[in-house]
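Engineer: Okay, handing you the structure first.
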Amino acid sequence: MERALREARDAFDRDEVPVGALVVRGNQLLGRSGNRVEELCDATAHAEMLALNQAFATAEAKRLEGAEVFCTLEPCLQCAGALLHARVARVVFAASDPKFGGVVSLASLFDLPGINHRIQWQGGLLAESAAELMRAFFRQRR
Numbered sequence: 155m156e157r158a159l160r161e162a163r164d165a166f167d168r169d170e171v172p173v174g175a176l177v178v179r180g181n182q183l184l185g186r187s188g189n190r191v192e193e194l195c196d197a198t199a200h201a202e203m204l205a206l207n208q209a210f211a212t213a214e215a216k217r218l219e220g221a222e223v224f225c226t227l228e229p230c231l232q233c234a235g236a237l238l239h240a241r242v243a244r245v246v247f248a249a250s251d252p253k254f255g256g257v258v259s260l261a262s263l264f265d266l267p268g269i270n271h272r273i274q275w276q277g278g279l280l281a282e283s284a285a286e287l288m289r290a291f292f293r294q295r296r
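Residue 155 is where the sequence shown starts when you use the working numbering, and the numbers rise one by one after that.
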């Protein structure tokens, strides 16, 4: 999660909402990114999406079975859906996102009936560090 926080700090320095994500399988880092919504002028360029895209390329696969994703903010609905499609095994996030969180806060996509893949998840790892970075970012913007 420390590495994901570094990605979030890099996003902060680029004037992006400070979210970072990593995709790992075993000891191999498959993908990493921070948000790049402003830089790419793309509302879907969230850290998780970009890290997944790198991971697909690195693994040369369209599915990431056995992979774990570490992100500094609870994945939104878009990212939670992408994680399901990618078939990752586990998602660990730092801070919850009451406005947009797609894992537990706003919705629980991973637990919907009829979904043919289950993702284990854990929230709260280094939550205060991630939340403080978000607060600092939005204080600066006001």
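All C-beta atoms in this analysis are idealised placements derived from N, C-alpha and C, irrespective of residue type, glycine included.
Excluding sequence positions up to five away, which residues of its chain have a Cβ less than 8 Å from the Cβ of residue 273?
Structural biologist: Position 119 of the sequence shown, counting from 1, holds the residue named residue 273. 237, 238, 242, 243, 244, 245 and 264, listed in sequence order.
Engineer: Whose C-beta lies closer than 7 Å to the C-beta of residue 269 among residues of the same chain, with five residues either side of it excluded?
Structural biologist: Position 115 of the sequence shown holds residue 269. Only 238 meet the Cβ criterion.
Engineer: Please name the residue or residues paired with residue 176 in a DSSP beta bridge.
Structural biologist: Against the sequence shown, residue 176 aligns to sequence position 22. Bridge partners of residue 176: 186 and 224.
Engineer: Quick check: the region 221-230 against the region 278-288, are there 3 or more CB pairs under 8 Å?
Structural biologist: They touch, by the three-pair rule.
Engineer: Hey, would you say residue 240 sits closer than 7 Å to residue 204, going by beta carbons?
Structural biologist: The residue labelled residue 240 in the question sits at position 86 within the sequence shown. The residue labelled residue 204 in the question sits at position 50 within the sequence shown. For residue 240 and residue 204, no; Cβs fall outside 7 Å.
Engineer: Residue 266 and residue 155 - do their beta-carbons sit closer together than 7 Å?
Structural biologist: Numbered from 1 along the sequence shown, position 1 holds the residue referred to as residue 155. Numbered from 1 along the sequence shown, position 112 holds the residue referred to as residue 266. Not closer than 7 Å, so no.
Engineer: With DSSP collapsed to three states, give me the class of residue 261.
Structural biologist: In the sequence shown, the residue the question calls residue 261 occupies position 107. Coil at residue 261, not helix or strand.
Engineer: DSSP puts residue 255 in a beta bridge; with which residues?
Structural biologist: Here residue 255 is taken as the residue at index 101 of the sequence shown, counted from 1. Paired residue(s): 230.
Engineer: For residue 295, report the span of its beta strand (DSSP E) as first-last.
Structural biologist: Taking the sequence shown and counting its residues from 1, one reaches residue 295 at position 141. No beta strand (DSSP E) holds residue 295; the alpha helix (DSSP H) holding it covers 281-295.
Engineer: From the DSSP output, which residues share a beta bridge with residue 244?
Structural biologist: Sequence index remark: in the sequence shown, residue 244 carries index 90 (1-based). 222 and 274, per the DSSP bridge assignment.
Engineer: Pick from 175, 194 and 192: whose alpha carbon is nearest that of residue 185?
Structural biologist: Position 31 of the sequence shown holds residue 185. The candidate whose alpha carbon is nearest that of residue 185 is 175.
Engineer: Given this structure, state the Cα-to-Cα distance separating residue 252 from residue 195, to the nearest angstrom.
Structural biologist: Taking the first residue of the sequence shown as 1, we reach residue 252 at position 98. Taking the first residue of the sequence shown as 1, we reach residue 195 at position 41. Taking the straight line joining both Cα atoms gives about 25 Å.
Engineer: Return yes when the Cβ of residue 189 is within less than 7 Å of the Cβ of residue 173, no when it is not.
Structural biologist: Residue numbering aside, residue 173 sits at position 19 when the sequence shown is read from its first letter. Residue numbering aside, residue 189 sits at position 35 when the sequence shown is read from its first letter. Cβ atoms of residue 173 and residue 189: closer than 7 Å.
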